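Presented below is the structure to which this report refers.
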Amino acid sequence: MDNIVKEGRPEEDDRFDTVRITAAVNALATEHSGREDVFRAAVAKLLKAEMVEARATAQAVLLKDRHGRRCAERLCFVQDEIIRILFEAATRHLYYSPIPSGAERMAVVATGGYGRGLMAPESDIDLLFILPYKQTAWGEQVAEAILYCLWDMGLKVGHATRSVDESIRQARSDMTIRTAILETRFLTGDRPLYDELVSRFDKEVVQGNASDFVTAKLAEREERHRRAGQSRYLVEPNVKDGKGGLRDLHTLFWIAKYVYRVRDTDELLDRGVFDAQEYRTFRRCADFLWSVRCNLHFCAGRAEERLSFDMQRELAVRLGYTSHPGMQDVERFMKHYFLIAKEVGDLTAILCAKLENEQAKPVPVLSRMMARLRPSTNRRRVPESDDFIVDHNRINLAAPDVFKQDPVNLIRIFRLAQKNNLAFHPDAMRTVTRSLKLINSDLRVDPEANRLFMEILTSNDAEIVLRRMNETGVLGQFIRAFGKIVSMMQFNMYHHYTVDEHLLRCIGYLQEIERGGSDEFVVASDLMRKIRPEHRAVLYIATLLHDIAKGRPEDHSIAGAKVARRLCPRLGFNTADTELVAWLIEEHLTMSAVAQSRDLTDRKTIENFAAVVQSVEQMKLLTILTTADIRGVGPGVWNGWKAQLLRTLYYETEPVLTGGFSEVNRARRLAMAQGEFREAFTEWPEQELNAYVARHYPAYWLKVDLPRKIRHARFLRTSEQEGSKLAINVGFDETRGVTELTILAMDHPWLLSIIAGACASAGANIVDAQIYTTTDGRALDTIAITREYDLDEDEGRRATRIGEMIEDVLEGKLRLPEVVARRAAGRGKARPFVVEPELTVNNQWSDRYTVIEVSGLDRPGLLYELTTAISKLNLNIASAHVATFGERARDVFYVTDLLGAQITAPTRQAAIRSALLHLLVSEQVAAEPI
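Residue numbers (this note's numbering): 10 to 939.
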């Protein structure tokens, strides 16, 4: 970004002794005179040793002062000096020309990221060798000598050799080359040649076509974000290319250099692009991101740009973060990271606003569909307010002091933009951010401000408007509890976004549920139409607040309910509705947990859940909230299976709450599910279809989604026609990133354990399992395992190996314990997560079975070890419910003793706890970071 490193050597940096090293190179030239290859190899060896030492020093200083920008400058300086030494060696000792001709001139120039004068430890080096005319033998030899030495040192070098004319011609036609030349920095050689390039580039390329460059760079930025993940709040962000990362700051500076003709970032202040505070923010963001990137490269030992979970914990320690009550050190570090990413986004908006004011751009609106319906006017008053105007279809301020005159306008501006389908003028948003101190206790209790806020929350485009309120800081100031979770990440693999981003996305999905028409949300959309009208606002505020208390020592559901009880009266809710909001927040995880980890055919499960939800209306609200919550976690988390489980739980519980009456009773739902299957699956004659339908128990028809039922039918028929004792069908779910194995075998008491062991032996980690038995004694199990290979063909071969292993175990050809033990011995390094093991054994969740619930750090082989241990305890597993939430495994087993009775003896229950907890604790100790 800045042309910081000058041609001369900085006086304060004496860590790379250029004079001493140059003398050593000269001595090597004398020693190996006439032997060019030996001389070059000796120079490369010498410089590599010096570079390694200089980098080690840079890392030591970074660990001490934690100043990434200085580290990047130091590393760049070292690289500059190495290239200058190599150029001198090449032109003085290898290809010396005592009386150089006009063609024997060369300028060595840094381009791209290296041209900015800042360099991460493992970054590539981009060099441009500038010649006065076309390539000559001398120029080719000098460039090759430098490049070969750099490559021999193990450096990654991008390079080009061009004349000035050729550089200008290519810059005109290629935007990548144009950007590279924009960032050139002279290193060594013929300075007038470089000055000629810069002068001609400015006059012949830059002048007169700034708009094309800006458009191209912003388009590149959008495409880069699309590849890296659109949200700047992805919990494993890309420091370089992600939204709010270093590349966004680079894009800002490219545009500024091109449009405003600046060479250094401090000129942005002189040109009025940023004010003093914004410029300080620019520097602070760059400093922080460089600290993260340099540490990331040093830790990884390679050009790693993704801030993965294992790196996050290490960097948090290196950067000096400490744990606080309710928040780990790594979570505090990542919150800081996401706040910086947000500020980078703000700076981008400011620069774009400056550019937009100087050249007209396409009309922005909140919803593009409405653009065609809007009359084109430049400036007019916003309906319902004299304090705001419409400026090119963007809401702006009628006067600079509208917020000071009436602080309610800080909320009103967002409601008016939403109501009139207007985009936000960047100048207005800038003023909003500078007026946050006006949001005080008086404004927070102002009835009009709270009424406007509830209108925003419950109207169209709520997610978009709330996100703008969040980006400007208004949302966190107006609802201070929300401010505490802004940019807060949760250090786990389940949640894909920061807490505030998750909540805003949930609001968006709630609106999608309300609109209807999506196959993802059939049940929730149907229920949304049936809730009491006055509960619509209850549902929206509960969705916005359900994770509001994350990061506190207390359970976030309980603490969140307390927040709601304090906040809701201010927002206009009566006592009953306030309690309903608090109840929804307190129970927002309950329905998901019951649906995924309980036997929904067990009467006691349904009765216990009914006791929690208390009424059909509350169950409707909880079902809708649960759907939006799971969908908002991230891509691939919500799927047809989870939708079917929630649907089954809802309709199983409804009769209990209504005294036997259900809108859709069980028998009718069973008939509907079977009828839906018959209607969709018309490949078989009726007699065969009837026989197949009779093979499955009611639980299968009620809990399995239709596409899977059809796949199962085809699979069973094909397998039986082939006469297979054991058959495996392989499917791939790209959205979830898993491979699905559907296994058909004769039912066997140890079958689940054998399947789990075979998966563990193949290094496959089970993330969920659906286990069913047919009426004729066949087991039909669908196991989802994490992918190991990119190609489906490779995954298919791994699935075949698993199937062969299951068959060998069932036939007695293979002993699983030995195979699993060998695999466990070669297990890779532990994950960076710590999950507190939990184990429950009780008889309250079922009248027929003892229920064992196990929760702990997931790992390959865990399900096998648990099922094996349960069988060794002389227990029969009647059903198992396997689920994985990121790095946390939650497995529930319905068991009896060998006589089919519940486990009631306290000593027997204690033995079960001890045996299973030992499996979890021993692995947890091994996994904890040192």
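For every residue, glycine included, the Cβ atom is placed at its ideal position computed from N, Cα and C. This structure is a prediction, so every number in the text was calculated from the model and none was measured.
Taking the straight line between their C-alpha atoms, what separation do you get for residue i and residue j?
i      : j      : result
Arg29  : Thr188 : 36 Å
Leu95  : Cys158 : 8 Å
Gly772 : Pro869 : 6 Å
Ser940 : Phe347 : The question about residue 940 has no answer, for the chain in this structure spans 10 to 939.
Ile921 : Ala228 : 60 Å
Asn469 : Arg476 : 13 Å
Ile811 : Cys768 : 6 Å
Met184 : Tyr203 : 20 Å
Leu554 : Phe618 : 23 Å
Leu406 : Ala437 : 6 Å
Lys718 : Leu630 : 29 Å
Thr916 : Ser923 : 10 Å
Arg114 : Gly217 : 31 Å
Asp26  : Glu62  : 12 Å
Leu823 : Ile633 : 48 Å
Ala919 : Leu882 : 12 Å
Lys712 : Met814 : 29 Å
Ser394 : Val411 : 11 Å
Ser601 : Tyr701 : 31 Å
Asn12  : Leu127 : Low per-residue confidence applies at Asn12: pLDDT is 41, beneath 50, and the placement is therefore not dependable enough to give any value.
Leu452 : Ile540 : 32 Å
Ala788 : Asn774 : 21 Å
Arg315 : Ile494 : 23 Å
Gln779 : Asp608 : 11 Å
Ala32  : Leu72  : 32 Å
Where do the N-terminal and C-terminal ends of the alpha helix (DSSP H) with residue i fall, by residue?
i      : result
Asn885 : Not the alpha helix (DSSP H): Asn885 falls in the beta strand (DSSP E), residues Leu884 to Phe894.
Ile794 : Segment Arg787 to Thr795 is the beta strand (DSSP E) holding Ile794; no alpha helix (DSSP H) there.
Glu393 : Run containing Glu393: none; DSSP gives neither H nor E here.
Gly812 : Asp801 to Leu819
Gly641 : Val625 to Val642
Ile91  : Gly77 to Ala98
His168 : Not the alpha helix (DSSP H): His168 falls in the beta strand (DSSP E), residues Val166 to Ser172.
Met463 : Pro456 to Thr467
Asn449 : No alpha helix (DSSP H) contains Asn449, which DSSP labels as neither H nor E.
Apart from the five residues on each side of it in sequence, which residues of its chain come closer than 7 Å, Cβ to Cβ, to residue i?
i      : result
Pro578 : Thr587
Arg574 : Thr587 and Ala591
Ala878 : Ala924, Leu925 and Leu928
Ser880 : Trp759 and Ser762
Asp195 : The identity of residue 195 in the sequence shown is Phe, whereas the question assumes Asp. The answer, listed in chain order, is Glu16, Ala116, Val118 and Tyr203.
Leu425 : Val391, Glu393, Ser394, Phe397 and Ile404
Kindly give me the distance between the Cβ atoms of residue i and residue j, rounded to whole angstroms, as I take these residues to be in contact under 8 Å.
i      : j      : result
Leu679 : Trp710 : 6 Å
Asp638 : His705 : Not a contact, Cβ separation roughly 31 Å.
Leu431 : Arg388 : Between Arg388 and Leu431 the Cβ distance is about 12 Å, and since that is not below 8 Å, they are no contact.
Val863 : Leu875 : 6 Å
Trp650 : Asp714 : 6 Å
Phe48  : Ala36  : At roughly 11 Å, the Cβ-Cβ gap does not stay under 8 Å, so Phe48 and Ala36 are not in contact.
Glu340 : Met478 : In fact, because the Cβ distance is near 24 Å, the residues do not count as touching under 8 Å.
With a threshold of 6 Å on Cβ separation, who are the neighbours of residue i within its own chain once the five nearest residues in sequence on each side are excluded?
i      : result
Ala67  : Cys80, Arg83 and Leu84
His890 : Ser606 and Val901
Pro474 : First, the amino acid is wrong: residue 474 is Val here, not Pro. Closer than 6 Å at the Cβ level, and outside the excluded window around Val474, lie Phe423, Gln427 and Ile465.
Gly766 : Leu825, Val829 and Tyr873
So, at 8 Å on beta carbons, what are the nonlocal neighbours of residue i in its own chain, with the 5 sequence-adjacent residues on each side left out?
i      : result
Arg720 : Asn738, Gly740 and Thr751
Arg64  : Leu84, Val87 and Pro130
May I ask which residues mark the beginning and end of the beta strand (DSSP E) holding residue i?
i      : result
Leu907 : Where Leu907 is concerned, there is no enclosing beta strand (DSSP E), given that its DSSP letter is neither H nor E.
Gly569 : First-last for Gly569: His565 to Leu576, but that is the alpha helix (DSSP H), not the beta strand (DSSP E).
Gly740 : Ala736 to Asp742
Thr751 : Val747 to Met755
Counting Cβ pairs, one atom from each stretch, are 3 or more of them under 8 Å apart for the region 45 to 53 and the region 111 to 121? Taking a contact to require three or more Cβ pairs closer than 8 Å, the region 45 to 53 and the region 111 to 121 do not qualify as touching.
Should the region 605 to 623 be called in touch with the region 518 to 531, which here means at least 3 C-beta pairs below 8 Å? no
Measuring CB atoms only, is the region 487 to 502 touching the region 450 to 469, in the sense that at least three cross pairs come out at less than 8 Å? yes
Under 8 Å, with one C-beta from each stretch per pair, do the region 845 to 852 and the region 740 to 760 reach the 3-pair mark? The region 845 to 852 makes no contact with the region 740 to 760; the number of CB pairs closer than 8 Å stays below 3.
Measuring CB atoms only, is the region 273 to 289 touching the region 243 to 257, in the sense that at least three cross pairs come out at less than 8 Å? no
Are the region 96 to 103 and the region 134 to 142 touching, with three or more C-beta to C-beta distances below 8 Å? no
Cβ pair count under 8 Å reaching 3, the region 905 to 912 against the region 877 to 888: By the C-beta criterion, the region 905 to 912 is judged to be in contact with the region 877 to 888, since at least 3 inter-stretch pairs fall below 8 Å.
At least three beta-carbon pairs within less than 8 Å, the region 336 to 352 to the region 297 to 316: Verdict: yes, contact present.
Does the contact criterion of 3 or more C-beta pairs under 8 Å hold for the region 411 to 423 versus the region 434 to 451? yes
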